[in-house]
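Notes for the one structure printed next.
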Amino acid sequence: MTTAAPAATKRNRAAGLLGRHPVGMILAAPYAVYLAVIFAYPFGFSVWMSFHDYFFAAPGAVVDHPFVGLDNYKAALTDPAVGQAFKNIVIFLVINVPLTTGLALVLAVALNRVVHARTFLRVSFYVPYVTASVAVVGVWLFLFNSGGLVNSLLGPLAPDPSWLVNEGWAMPVIAFFVTWKQLGFFILLYLAALQNVPNALYEQASVDGANGWQKFWSVTVPAVRSSTALVVILALITGANLFTEPYLLTGGGGPNGASASPVLIMYQRGIQQGEPDFAAALGVILVLGTLVVAYINRRFIEGRD
Amino acid sequence: MKRTLPAALLALSLAVVAGCDGSGGGGDADQANAATGPITIWLSNNQEELAWGKAMVESWNGQHADQKITAQEIPAGKSSEEVIGAAITAGNAPCLIWNTAPAAIPQFQKQGGLVALDSFDGGAQYIADRTGDTAEQYKSPDGKFYQLPWKSNPVRIIYNKDIFAKAGLDPEKPALATYDEFLTAARKIKSSGAAQAAIYPAPSSEFFQSWFDFYPLFAAETDGNQLVKDNKAQFNTPQGQAVAGFWKTLYDEGLAPKEMYNGDSFADKKAAMAIVGPWAIKVYGDKVKWGTVPVPTSTGKPADQIKTFSDAKNVAMYSACQNRATAWEVIKFATSQEQDGKLLDATGQMPLRKDLQTAYPDYFSKNAAYTPFAEQAARTVEVPNVPNSVAIWQAFRDAYSESVIFGKTPVADAFTGAAEKVDQLASGS
Amino acid sequence: MRRWPNVVRYFLLFLGALIFLFPFYYMLIGSLQSSPDTSVKGAFPTSGLTLDNYKDINERVDLLGSLVNSGIFTGGVLLGTVVFGTVAGYALARLQWRGRGVLFALVLLVQVIPFQLLLIPLYVLIVRGYGLADNYLGMILPFAINTTAVFVFRQFFLQLPDDLFAAARLDGAGEVRILWSVALPLVRPALLTAVLLTFIGPWNEFLWPFLVTKDADLQPLAVSLANYISNVSARAANPFGAILAGACVLAAPAVALFIAFQRQFISSDIGSGVKG
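Here is the structure:
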């Protein structure tokens, strides 16, 4: 640094202060402002709330919100319903994330090389994603209830109690539902990524005598690795924030809490039962947990280069 | 310097919000109580109620050009309490909401979102004169009325006469007064294949579901106890456990399904019976040939002594209201004998008036089907008006779901655990 | 030699497609039935189909008005995301500047935060702080720049080969020019992915627009139909059919738009002929 010419030093200093491309700051500014205004404040507020005895009051009301330290966190962590919800979400993720990632990649590769009925095939896989949960949940209830079509087809093989009221099956059914619902989006992500895989790599592999599977493993999978990281992380995040499905599909986390999710409990406690401090603590725990898992995954998938 | 940009933005946005926090406030309450002018009200979006509400608003507006009402709809279902809670916090709640659930009152009151109706001249007197002794149940722990008891939907057992006939039961005078009679009938329905379920209450775990299975029978069994009395849970008692045992038998023997039904099991003839309020008469009308009986008790108490859950919806005034004098006049206008009659006519729901049957003799002679519900309306039990009301119902529902519906733990254990939790919640901690 | 795997591939893809589509077929059939039929035969009815369930919705919901509101709400979000999200994604992926790490950490954080946690503070902020109740802007604001889309943009800009940018910079092109004429055309498929992703959110969002608008004239389709489904349908002649009909009405515009848009998507990724 000391050996550089004066002009270069100046540029370097500017670069040190603003970065090499200060224009990036301008480009990112609207988004940064948006985040600060729309997310940072409410989130900061929620964190603050989680350390206080807090409830939402009308503008004129005079209420006391004493600092309570970690009490809300203690309450959240010792609540058996919360423990159950976290257990449920682990079951969900263990089924949903690998299934989503694997199916999405395989289907994307298959769809990418399809020549006939291209639109029909792609649209069929995307349609669930485009449709609101509110809309499709009704059909799933209809399909999976004890007298529903799935059980009529299975006959004596149908589980008893039926799927959504069976403590062992409720969460897996939700995991399959979410996989079905979200898969189209992840296929789309992979399809877009596949467009950027150089054909030369496949040609080289063919020259080397690789068959279809070998090409898939040695060319496609490594080439879309950064997309895989994205897919895994997004699937993880949507999974961790699971709410609509237990809310609608199993009537508020039934049977007997076997399909409750942390966000569902947050909603019940914070918004229905007027304990936003407890809900905020639970929310912060969930956010931290998700960040840790997401970080480990990122390291694991992206960081092997 | 640029490094601090995000931090500066954060500080700025915090400051903006803090500023707004400070400047809020409802103004001087006395002044607001005397003020008149235009007001906003929310009506439930139930079709018939909405029609009544719109007509009521129109007739008020015709007489009060300078104090017009603007009416908006909110959903009658699950999410309405969330909407109201958020509106209270933001200070944009309307003056009046014509469908406030009594279970939500303690929370809204704690939020500082409600105006005590006693603060108006003759307010408490008006409520007492209109509703009679039943009004006591709607008083808050501080002795004030934060809600005007408006209308109830006292629940009874409704049964499908065709299914009963098919099962070999008497469709005109079925024996359903005691638990044993009820269970015998239920078993017959199931074994004869007349219907898939004898009765089909929602087995899901939303806090309010107990109002339509456990609570009416509990009210009947205990001659009118609320779930919580003097800050103590009342369900962990022999009576409470008898009611739970009755439902448990229904679930254990598959007479009541453990699975959510998406739709109306009674209308779809999946269930032979249901627990309903008078609204059902319009809904099932000619679709089903039905009859009603009071909810059962273990010993088969005489029908005219049986109490039940009221399923009331009330009117509350919200503290964001500026023109409270007008709002109070509107409450009185809309709960006058004339408007109550129109409500009854339009919806079949029972105005919470003490002289219901004598006030509207024409209606009840023309609509005989409503008479049993009107009689029942005199003997109703409300949800307890205690702190943490919703949390209490959720704690109870969880225990009920675990033990009665799914049989994972013995009822006694689950109820004991829930009772401890409820005692704690009810005492306000 | 290649034919047999091809046949298998098509067979499996079609099978998968049928499994994926079946619930929709069932939804449509259910919405046309006058009474629900859960038997296997009921899935392939030969008679007894009616449009009554749709008539009932049409009587209770202002479909056209709600559709326009949905369009404004969704359009606003799309505009915000495409305009500000792409440039932010580009800045995060390809440019070195102070605060980039902080902003990216925020992007991750925001995605991880469940919306239910922010719901009421955000509501208070927008309604009390900015006075935007019963206003399209208030509806749009929390979704205005979709963070997942920013994340996707960043990811795709990252995947572009470094040489491309080095070459453009050597030619003396400014960063904004590189974004506009080099990077953006190459990530067209990603752009469309992000548009789709962004579209779904506001189109199907129920809770927020419902909290912010009490004026029924401003409510988007998802709100009107969710209200219909949860409160009104039980009173219809066939409640279950009415729910499914509501679901079909909500799904139809999204699916139709998507099919139209899908053609665009295919032609663009063939047409752009990305090499690498």
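Sequences listed follow chains A, B and C, in order. Numbering follows the UniProt record's numbering, in which position 176 of the first sequence is assigned residue number 176; successive positions increment by one, without gaps. Numbering follows the UniProt record's numbering, in which position 402 of the second sequence is assigned residue number 402; successive positions increment by one, without gaps. Numbering follows the UniProt record's numbering, in which position 227 of the third sequence is assigned residue number 227; successive positions increment by one, without gaps. For glycine and all other residues, C-beta sits at the position ideal for the given N, C-alpha and C. None of the values given here were measured: they were computed from a predicted structure.
- How many Å lie between B/Asp118 and B/Asn314 at the Cα? 15 Å
- Message: Taking beta-carbon pairs under 9 Å, can you tell me which members of the segment 85-100 of chain B lie near chain C?
- Response: Gly85, Ala86, Ala87, Thr89, Ala90, Gly91, Asn92 and Pro94
- Is residue 308 of chain A buried or exposed, if buried means 16 or more other CB atoms sit within 10 Å of its CB? Not covered by the structure: residue 308 of chain A. The range shown for chain A is 1 to 305.
- Measure how close the beta-carbons of B/Val293 and B/Arg156 come, nearest whole angstrom, since I'm counting them as under 8 Å. 7 Å
- Of the choices C/Pro220, C/Asp134 and C/Arg60, whose alpha-carbon is the least far from that of C/Asn204? C/Pro220
- What's the C-alpha gap between B/Pro351 and A/Val33? 53 Å
- Query: According to the neighbour-count rule (16 or more other Cβ atoms, all chains shown, within 10 Å of its Cβ), is C/Phe20 buried or exposed?
  - Reply: buried
- Along the chain, which unbroken stretches of the alpha helix (DSSP H) at least 4 residues long are found entirely within the segment 340-427 of chain B? 356-359, 361-366, 371-377, 389-400 and 411-426
- Task: Starting from the N-terminal side, write out each stretch of the beta strand (DSSP E) that is 3 residues or longer and does not extend beyond the segment 42-82 of chain B.
- Result: 69-74
- Which two residues bound the contiguous alpha helix (DSSP H) that contains A/Pro66? No alpha helix (DSSP H) contains A/Pro66, which DSSP labels as neither H nor E.
- Of all the CB atoms in chain A, is at least one closer than 8 Å to the CB of C/Trp208? no
- Message: Please confirm whether A/His21 has its beta-carbon closer than 8 Å to some beta-carbon of chain C.
- Response: yes
- For C/Leu164, the nearest candidate out of C/Ile145, C/Pro185 and C/Leu122 (CA to CA): C/Pro185
- Message: Please confirm whether A/Ser152 has its beta-carbon closer than 8 Å to some beta-carbon of chain E.
- Response: Protein chains in the displayed structure are A, B and C, and chain E is not among them.
- Query: Should B/Gln137 and B/Ile105 be called a contact, given that it needs their Cβ atoms to be closer than 8 Å?
  - Reply: no
- Query: If you measure from the beta carbon of B/Ile74 to each beta carbon in chain C, is any gap under 8 Å?
  - Reply: yes
- When DSSP labels each residue in this structure, what does A/Leu96 get in the three-state scheme? Residue identity differs from the one stated: residue 96 of chain A is Asn in this sequence, not Leu. If DSSP states are grouped into helix, strand and coil, A/Asn96 belongs with the helices.
- Mind checking whether B/Ala101 and B/Lys342 have CB atoms under 8 Å apart? no
- Which residues bound the alpha helix (DSSP H) around residue 449 of chain B? Examination of residue 449 of chain B is not possible in this model, given that chain B is present from 1 through 429 alone.
- Task: Taking only the alpha-carbon atoms, compute the straight-line gap between C/Leu78 and C/Pro142 and give it to the nearest angstrom.
- Result: 13 Å
- Would you mind giving the Cβ-Cβ distance between A/Val173 and A/Phe144, rounded to the nearest angstrom? I have them listed as a contact below 8 Å. 6 Å
- Message: Which residues in chain A have a C-beta closer than 9 Å to the C-beta of B/Gly112? List them in chain order.
- Response: Ala57, Ala58, Pro59, Gly60, Ala61, Val62 and Val63
- Item | Strand pairing of B/Asn314, partner residues [DSSP] | B/Thr100 and B/Pro149
- Query: Who does B/Thr292 pair with in a DSSP beta bridge?
  - Reply: B/Ile158
- Message: Does A/Thr220 come out as helix, strand or coil in the three-state DSSP assignment?
- Response: helix
- Distance, B/Arg397 Cα to B/Glu382 Cα: 17 Å
- Out of B/Glu338, B/Phe218 and B/Asp423, which has the shortest C-alpha to C-alpha gap to B/Trp52? B/Glu338
- Message: With a threshold of 8 Å between beta carbons, is B/Ala202 in contact with chain A?
- Response: yes
- Measure from the C-beta of B/Leu5 to each C-beta in chain C and report whether the shortest distance is under 8 Å. For B/Leu5, the pLDDT reaches just 43, beneath the cut-off of 50, and the residue's location in the model is therefore unreliable, leaving the point undetermined.
- Start-to-end residues for the beta strand (DSSP E) that takes in B/Ile275: Ala271 to Val276
- Task: Verify whether the separation of the beta carbon atoms of B/Asn323 and B/Thr70 is less than 8 Å.
- Result: no
- Coil, strand or helix - B/Ile163 by DSSP: helix
- Query: Which class does C/Val61 belong to by DSSP, given the choice of helix, strand or coil?
  - Reply: coil
- Going along the chain, which residues of the segment 160-191 of chain A sit with their C-beta nearer than 9 Å to a C-beta in chain C? Trp180, Leu183, Gly184, Phe185, Leu188, Leu189 and Leu191
- Scan the segment 137-191 of chain C and note each continuous alpha helix (DSSP H) run of 4 residues or more that stays entirely inside, going in chain order. 147-159 and 162-170
- Going by beta carbon distance, what residues of the same chain come within less than 6 Å of B/Ile405, once the five residues before and after it are set aside? Pro203, Tyr251 and Lys258
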